[in-house]
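Below you'll find the structure, written out as C-alpha cells, and then a few comments.
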RNA sequence: GGGCACGUAGAUCAGCGGAAGAUCGCUGCUUUCGCAAAGCAGAGGUCGGGGGUUCAAAUCCCCCCGUGUCCA
C-alpha cells in the first residue's frame, strides 16, 4: 500500500508526525514523542492501575457514550444483528460489525439501513477460545462498536480523513485520553476479495480500535478501485471499558459483580471462562442456536461442555443455570430479547447437559473396560489413546485420567495435537455466489420494478424489455417471482416463449427463456405467469410461515427456521430443536396450524423501516436470514407469526386450504425437518393415503379400522410358521442323527472316541447342524459328506480332545480336490464340481481312527 | 462441511476369518403360607442394510443408512 494512502490532511492539521516503530518497524502517526507504536507487544500495558480515560465506566455506560457521541455527529443508531450470520453461507457467526452488511450492502445491491451509521455488534471469535481467562483480554464474544459509512461516486459521506478525526475526538475530547499517548499505526487490511489501508489505534499498550478503509478490489491480475468505498471501523467495547477502569484484567471491568461472585468459588481463569461462556451462550441460544455436533451448534456445545467440566471439578460449584441467568440478566439491560425466554433456554441447556452426562457415562465404561483388558495383557494406556478417545469418543483427557489406574500424563500440547490430527482436512465452506453462471447485465440498465411483492394475484402484465442477451431478458417491471427465500421460480410465458427459470441478480430480475430471446430492447412484451403453479407455491410459502409459528408456539422459542424449501409438489422446513418430535407434539402442531388456517386470519405483506419493525416484532423476524436493507418486507399473519420475507403469500390463511404433514426426520443433530403439503396437494396427499389404506385393507380382507390388529395377526402367523419350519428341520435332522448313530456301519467306537461317518443329501449349513447333534456328547467325531450347488461338501466336527477336526479334513482334501480348513472343533471343505466324495470319506475316517488311537 | 469411532439377544457389551457368547432382564421348574433371594432349565439373534473378496465373513474391502464424537 502506497504511503500516501495514510498521509491524511487531519494528521497535518492536528500536528501529527510520522515515525517508524523501533520494535515492529511499522510506520505510525502520533502527537507524542514515541519511538515505538503504543500497542502490545511493542510496549507494556501502561493503564493498569492508571486508567487511560478520565472516567471509569461499565460496559453499558461506555456503549452509550460511544453510540451517543456518533449520534451527535450525524450517525444513525442501528440495533445489533443476530450473532448467527444466517444471511451468509461462508461463515457461521457474525465476526465483525461489517458482516452485518456483507455482501449486499458492501456490494451496492442494497442500500444500508442508515448512512452513516453507528452500532455496537456482539461478535464471536472462537479463535480466541483457549486465550480466554489466560491473556486477561480475550473473549469468545465481545461487542464491536463501530461507525460505518458507505460512499458511492454520487454520494460521498466521509472517508479516511473524517473517520480518523472522529476517532481521535472520541478518544481525547470525549473520553479524556492523553492526545500524545495515541498512535495510529499504518497497516493493510484484506479480506473477501477487497483490500485497503487501515489504521490500528494504540493507547498505553492496548489496541483499542482499528479503522479500515475498503477501497480496492483484488482481481486475478490487478488491484482496481471499488465503485463503492466503505468505512469499516471496530472499537472494542471491552477494551474501552477496561481502559477506563485500569483493572488487572478486562474481565473485572467488563463483568463486574458477576465476575466477583464467581471468584469467591473459582480461581481467576475458571471464573473468567465461566462468565465469558455464559455471556456467549446467552446470545447464541437467544439467536436460535441449539447445541449439536456440527456447524454453529457445535460451538454452543463446546462452550456448554467446557463450562460443565469446570463446574464438575469444583466442589460446591454453583448451578450452571444460575450462572447463565446472572449473565443473561446483565445482558438484558441492553438487549432485552436475551432475557426474554429463560424457561426455554433452561430446557435447551438441561437437555444438552443430560446428553453430556450420558456421553460421560459411556466414556467411563469404555475407559474402564479398556483399562482392565490392558491390565490383563500387561499393556499401558498411552498419550495416543487419550488423543484417540477425545477425538472419537469425546472423552475429556482429565476425565480419562481420573478413571485410569495408571494414567499417562496429559501432554501440555494436548489440544494442539488434537488439531494436528485434523490437519489436511479441507472444509468446503466457500462462499457460493447464487448468481453464478448468470450473464452480467449492462451497467446503466434500469432496475426491475418487482410487482409480485405487493400484489401476488396479478398474473398477466405488459412490460418493456430493457436488456437482453441470449435466452435472458430483463424487463422494466415484472410479476414473475425469481428463485429466492426457499421459494422456487415462477414459470409462464413472455409473448409466445416459455419462461423456464427466473433469477434475481442485484437490482434486476432475469427471465430465462426456452430459446434465445427474439425481443429487442424497448419492445413491449406481454407476460403471463403460470397460475396454478404460482398458487401452489404461495400456499406452500404461507403454510411454511404458519407451521413455523405453530412450532415455536408448541415447542418453544428456541425453534428457529434453519432452512426451507417451497416447491410445487411439497414443502419442507428445517427447524432447530434438541430432540425428536413426539407423535403427540406433531399431532398438536398439525391441529394448531390447521386451526389457524380455518380461522381465516389476514396475512399482510408490507414494507417497513427496519428499526421500527425490529422494535415492534423483535428478532424472530429473521427466520429466513436477515436482509440488511433500510426497509424490510414484512409478512404478518395477524396475531400469530411475523417474518421478514420476500416471497409471494396468500392474503388470508384460509387460502392455504389445509396443511398435511407427510414426514418428519432428524436431518442432523439439533435440526428436525418437516415435510408437508398444502392446498390441492394436501388434499391429493390425503386421498392418496386413503387409497393406500383401502387397498391394504382389501388385500388383508379386514376393514380399515382393523388394519393394525390385522397386521399384528399376520406378523404373528409369519413368525409362527417360521418357527414351525425351524422345528421341523430340527426334528428332521434329529431323526437323521439318530439313524446314523444307530447304524453300526457308520458309528464306530475307537478307544474313548465315537466316530460317525456318513453321507447325507444336505448343504453346508445343515451338515454343521447335524454335526452339532451328533457330537453333543464329549468324545465324538462327526465326518459328514453332503452336497451344495453341485459341489461336494465335507464337514468334520469333533468334541474329542484327541481328534482335531482340521487335521482329519486335511487328510481327505486330496481325494476330492477340496479346498478348506478349520480348527480342532470344526472344519469344512468344498470340492470341485463332480468330484466324488467316497474316497474322501474313507480317508477322513482313517485319519480320525489314527488320531483316536486305534 | 470434513476426520475418527461405533451399530451383535429386551438392556449393557464381549467376540474381530473357521460350529453366534457373557451379564442383567424375561419365562418355567425347585424351595416358600406368600414375596424376595438362591439353584436348575428354557425362550429370545436375517450380528444396521446392500454389494464384493474367500472353500468359509459378525469378523476383511466398497457403498448406503443410523448413532456418537472431534475439527472448521
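Residue numbers (my numbering): 940 to 1793.
Built from N, CA and C at the ideal position, the CB exists for glycine as well.
Bear in mind the structure is a predicted one, so any value in this text is a computation, not a measurement.
With respect to the C-alpha of residue 1501, the residue from 1493, 1511, 1492 and 1507 having the closest C-alpha is 1511.
Within a 10 Å sphere around the beta-carbon of residue 962 sit fewer than 16 other beta-carbons, which makes this residue exposed.
Taking the CA atoms as reference points, residue 1205 sits about 59 Å from residue 1596. If you draw a 10 Å sphere on the C-beta of residue 1704, you find fewer than 16 other C-beta atoms in it, and that means exposed.
Distances from the CA of residue 1709 to each of 1272, 1686, 1675 and 1659 were compared; the closest alpha carbon is that of 1675. Per the coordinates, the alpha-carbon of residue 1785 lies some 16 Å from the alpha-carbon of residue 1755. A residue is called buried when at least 16 other Cβ atoms come within 10 angstroms of its Cβ; residue 1543 does not meet this threshold and is exposed. With three or more CB-CB distances shorter than 8 Å, the segment 1581-1597 counts as touching the segment 1527-1539. Here residue 1310 has 1320, 1342, 1343 and 1344 as same chain residues with Cβ atoms under 8 Å from its own Cβ, once five neighbours each way along the sequence are excluded. Using a Cβ distance threshold of 8 Å, residue 1413 and residue 1228 do not count as a contacting pair. Judged by DSSP secondary structure, residue 1330 falls within the alpha helix (DSSP H) whose first and last residues are 1322-1332. Of 992, 1360, 1199 and 1649, the smallest CA-CA separation from residue 1178 is found for 992. Below 8 Å, enough C-beta pairs join the segment 1078-1095 and the segment 1155-1172 to call them touching: three or more. If you compare the alpha carbons of 1389, 1689, 1761 and 1620 with that of residue 1787, the shortest gap goes to 1689. A residue is called buried when at least 16 other Cβ atoms come within 10 angstroms of its Cβ; residue 1551 does not meet this threshold and is exposed. Take the alpha-carbon of residue 1194 and the one of residue 1221: they are about 14 Å apart. Residue environment: residue 1505 is assigned as buried (16 or more neighbouring CB atoms within 10 Å of its CB, all protein chains considered). Checking the DSSP bridge columns, you'll see residue 1314 has no partner listed. Closest in C-alpha terms to residue 1393, from the list 976, 1314 and 1575, comes 1575.
Residue pairing of residue 1152 in beta bridges, as defined by DSSP: 1170. According to the DSSP assignment, residue 957 belongs to the beta strand (DSSP E) that extends over 956-959. Excluding the 5 residues flanking it on each side, residue 1553 has same chain C-beta neighbours closer than 6 Å at 1018, in chain order. Bridge pairing for residue 1133: 1130 and 1156 [DSSP].
With 16 or more neighbouring CB atoms inside 10 Å of its own CB, residue 1479 falls in the buried class. Under the 10 Å beta carbon count, residue 1216 is surrounded by 16 or more other beta carbons and is classified as buried. Taking a contact as a CB-CB distance under 8 Å, the pair residue 1103 and residue 1008 does not count as one, their CB atoms being some 15 Å apart. DSSP, read as helix, strand or coil, puts residue 1471 in helix. With a cut-off of 8 Å on Cβ pairs, the segment 1515-1534 is in contact with the segment 1600-1607, counting three or more such pairs. With three or more CB-CB distances shorter than 8 Å, the segment 1579-1589 counts as touching the segment 1471-1485. Not a single unbroken stretch of the beta strand (DSSP E) spanning 3 or more residues falls wholly within the segment 1081-1121. Here residue 1176 carries a helix assignment [DSSP, helix/strand/coil]. Taking 8 Å as the cut-off, the beta carbon of residue 967 is found no closer than this to the beta carbon of residue 1187. Within the DSSP secondary-structure output, residue 1144 pairs in a beta bridge with 978. In this structure, residue 1450 sits near residue 1419, with a CB-CB distance shorter than 8 Å. Contact annotation: the segment 1732-1742 touches the segment 1712-1722, with at least three C-beta pairs closer than 8 Å. A residue is called buried once 16 or more other Cβ atoms fall within 10 Å of its Cβ, and residue 1663, having fewer, is exposed.
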